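J.:
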Amino acid sequence: MARGAEIVAVVLLLGACEPTRPAELPKQATGDVRRISTVASTAAPAPPPRAPDFTLAPRDAGVGAGEYHPCTECHEAGDEVDRRPRVLEDDHDDLKLVHGTGKIWCLDCHHPEERDALLGARGEAVPFAQPHRACGRCHAGVARDFAFGVHGRREGNWRGERVLLSCLACHRAHDPAIAPRRPASGPTPRADLPQPVHHHEPTRLHRAIEGGER
Amino acid sequence: MSARREPPCPSRRVALKVLGAGAATAAGSLLAGRSLAEPAEPTESAGFWSFFRTHYKEMTRGEVDAMLARLERKYSRRHKQPVKVVNTPAPDGVLFGFALSLERCKGYRDCVHACVKENNLGRNPEMQYIRVLEIDRGEVKLAGAVHEYDHPTVPAEGKAYLPVQCFQCDDPPCVDACPIDATWMEPDGIVVVDYDHCIGCRYCMTACPYWARRFNWTTPSVPVGELNPDTHYLGNRPRPGGVVEKCSYCIQRTRQGRQPACQEACPTGARVFGNLLDPDSEIRYVLEHKTVFRLKEELSTEPKFWYFTD
Chain A
1 MARGAEIVAV VLLLGACEPT RPAELPKQAT GDVRRISTVA STAAPAPPPR
51 APDFTLAPRD AGVGAGEYHP CTECHEAGDE VDRRPRVLED DHDDLKLVHG
101 TGKIWCLDCH HPEERDALLG ARGEAVPFAQ PHRACGRCHA GVARDFAFGV
151 HGRREGNWRG ERVLLSCLAC HRAHDPAIAP RRPASGPTPR ADLPQPVHHH
201 EPTRLHRAIE GGER
Chain B
215 MSARREPPCP SRRVALKVLG AGAATAAGSL LAGRSLAEPA EPTESAGFWS
265 FFRTHYKEMT RGEVDAMLAR LERKYSRRHK QPVKVVNTPA PDGVLFGFAL
315 SLERCKGYRD CVHACVKENN LGRNPEMQYI RVLEIDRGEV KLAGAVHEYD
365 HPTVPAEGKA YLPVQCFQCD DPPCVDACPI DATWMEPDGI VVVDYDHCIG
415 CRYCMTACPY WARRFNWTTP SVPVGELNPD THYLGNRPRP GGVVEKCSYC
465 IQRTRQGRQP ACQEACPTGA RVFGNLLDPD SEIRYVLEHK TVFRLKEELS
515 TEPKFWYFTD
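Chains A and B, in that order, give the protein sequences. In terms of the working numbering, the first sequence opens at residue 1 and continues consecutively. In terms of the working numbering, the second sequence opens at residue 215 and continues consecutively.
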């Protein structure tokens, strides 16, 4: 009797565990945003196993353009390597390492033996032309977003072959923070008249109300 | 003598007047005839075919092709450069959507000006589809937002930036407001305007909760040589004065697989554009893995434009 009940329970459980099919999106375009947003909020946040393939755009523009300092200009492949982290005072004065605010040094990113290469996730040599594989050693979340096309910028098209900007198109490797700059001109309402007063700057009335000034 | 000579004088004056007026009229009609014979620019805008044409969606293919050819001739003459006007249809199985990272937008306004150039917006005064709102960091409070900010450098201390444009609502109130069906939603989700059908009543502008539509008080002026010659009938073709226009997600680019001009211009990569129906697209990755919200979602206009944070 008890055994029968167990079997029934197992069968019921199996029935309940049948994998639910993901909500199928309609082929026709109109009127399905509501369903998409529902999918977005309820779907389990399991990232797809692999990001779609991509290639990197040639590094001919952006902040990193023209900045190329091959280590083999001075270091040779067979040279003895001093792996003790230290501040390099001699002969590296053109390289100012702001990146990491002193917590990292050269060989945390550069490959110690293959001098014109970076360190990949498993310590493998990564060519300078594939910097995202080296940056991802520390910035794993950003690297994932980059591969899925959310961090960085896709060039040219929204479908078809994916070409992404390299990390170094926007960030300098040794000083990656993007410096603030002047914004382009804003809207010109009432082009021939004095520009409107910015309301967020407190006027005398504001000060009087807030500060009890008379 | 003088009393007798009085009467003929007025009549002679009248006769002279009539003669003079006749001569002026003749000269005027001669001039008018000459300017009509010349390829002057306003002849076709007020022409027979433009006036008596049917609604764009009811035109046959032949009628549309003839109209596009007519427009190409007109724009090429007016702007002194070859202009192409196409009507690329919506691609199958595509619903366009946009996502914008509030963390990466720094308020540089590069998108605003790329949009002006791409979409042939009037330059004097300059019309802009995108407004970058400056808000206080920490909360999205539109009431205190400023869009005329002009700091020496951005991002300013304690400020965040929230660009606003047409969100291509999936239940667009502007379309419902139009009394003559001059604006509608295309199968790929882009809300378009037929500038030749629009009567300029501006009901759509009052219906839009996002202030996304703009009205041409004058004919938009684009300096000679600065016109973007790759135009779409429902997008960036030169507009007449007195009609309403808006962002079309760069319909002339995106329907050919290209990215919108604002995405291409964004120096921080804050904008993600793509097909909402493609589960492998970047935009779907954002919607499924990031914290997203839409502006004024409570109005149920279902904008296809999300803001996201990591």
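Ideal placement from N, C-alpha and C gives every residue a C-beta, glycine not left out. In this text, all values refer to a predicted model and were calculated from it rather than measured experimentally.
How about the stretch 465-474 of chain B and the stretch 446-453 of chain B: do they share at least three Cβ pairs that are nearer than 8 Å?
T.: Output reads yes: the stretch 446-453 of chain B touches the stretch 465-474 of chain B.
J.: Looking only at its own chain, which residues have a Cβ that is under 7 Å from the Cβ of cysteine 480(B), when we skip the five neighbours before and after it?
T.: Correct list, in chain order: Asp324, Cys325.
J.: Chain B beta carbons: is any one of them nearer than 9 Å to that of tryptophan 158(A)?
T.: With 9 Å as the cut-off, tryptophan 158(A) counts as an interface residue toward chain B.
J.: If you count every other CB in all the chains shown that lies within 10 Å of the CB of serine 514(B), and 16 or more means buried, which is it?
T.: Exposed: under 16 other Cβ atoms inside 10 Å.
J.: Among the residues of its own chain, which have a CB less than 6 Å from the CB of proline 70(A), if the five just before and after it don't count?
T.: Here the set comprises Asp116.
J.: Between which two residues does the beta strand (DSSP E) holding arginine 485(B) run?
T.: Segment 485-489, the beta strand (DSSP E) holding arginine 485(B).
J.: Taking three-plus beta-carbon pairs below 8 Å as touching, is the stretch 452-462 of chain B in contact with the stretch 262-276 of chain B?
T.: No: fewer than three Cβ pairs fall under 8 Å.
J.: May I ask which residues mark the beginning and end of the alpha helix (DSSP H) holding threonine 420(B)?
T.: Residues 417-421.
J.: Identify every residue that forms a DSSP beta bridge with tryptophan 431(B).
T.: Tryptophan 431(B) is not bridged to any residue.
J.: Going by DSSP, name the residue or residues bridged to arginine 181(A).
T.: Val368(B), per the DSSP bridge assignment.
J.: Taking DSSP's pairing of strands, which residues face tyrosine 363(B) in a bridge?
T.: DSSP lists no partner for tyrosine 363(B).
J.: In chain B, what lies closer than 9 Å to arginine 154(A) by C-beta?
T.: Chain B residues near arginine 154(A): Gln473, Gln477, Gly483, Val486, Phe487, Gly488, Glu496.
J.: Note down the Cα distance separating cysteine 418(B) from aspartate 390(B), rounded to an integer number of angstroms.
T.: Their backbone Cα atoms lie some 8 Å apart in a straight line.
J.: What does histidine 151(A) touch in chain B if you count any residue whose Cβ is under 9 Å from its own?
T.: Within chain B, the residues near histidine 151(A) are Ser315, Arg318, Gly483, Asp524.
J.: Ends of the beta strand (DSSP E) at lysine 298(B)?
T.: Looking at the DSSP string, the run of the beta strand (DSSP E) that includes lysine 298(B) is 298-300.
J.: Do you know how far the Cα of phenylalanine 381(B) is from the Cα of proline 131(A)?
T.: Between proline 131(A) and phenylalanine 381(B), the C-alpha separation is close to 35 Å.
J.: If we cut at 9 Å on Cβ distances, does isoleucine 178(A) have a partner in chain B?
T.: Yes, because at least one Cβ of chain B sits closer than 9 Å to the Cβ of isoleucine 178(A).
J.: Count the other CB atoms, across all protein chains shown, that sit within 10 Å of the CB of glutamate 511(B); report buried if there are 16 or more and exposed otherwise.
T.: It is exposed - the Cβ of glutamate 511(B) has fewer than 16 other Cβ atoms within 10 Å.
J.: Would you mind sorting tryptophan 162(B) into buried or exposed? The rule is 16 or more other CB atoms within 10 Å of its CB.
T.: What is shown of chain B runs 215 to 524, which leaves residue 162(B) out entirely.
J.: So which residues of chain B does alanine 143(A) contact, with C-beta pairs closer than 7 Å?
T.: Result: empty, since nearest Cβ-Cβ is about 13 Å, beyond 7 Å.
J.: Can you tell me the Cα-Cα spacing of leucine 491(B) and aspartate 108(A), whole angstroms?
T.: C-alpha separation (whole angstroms): 42 Å.
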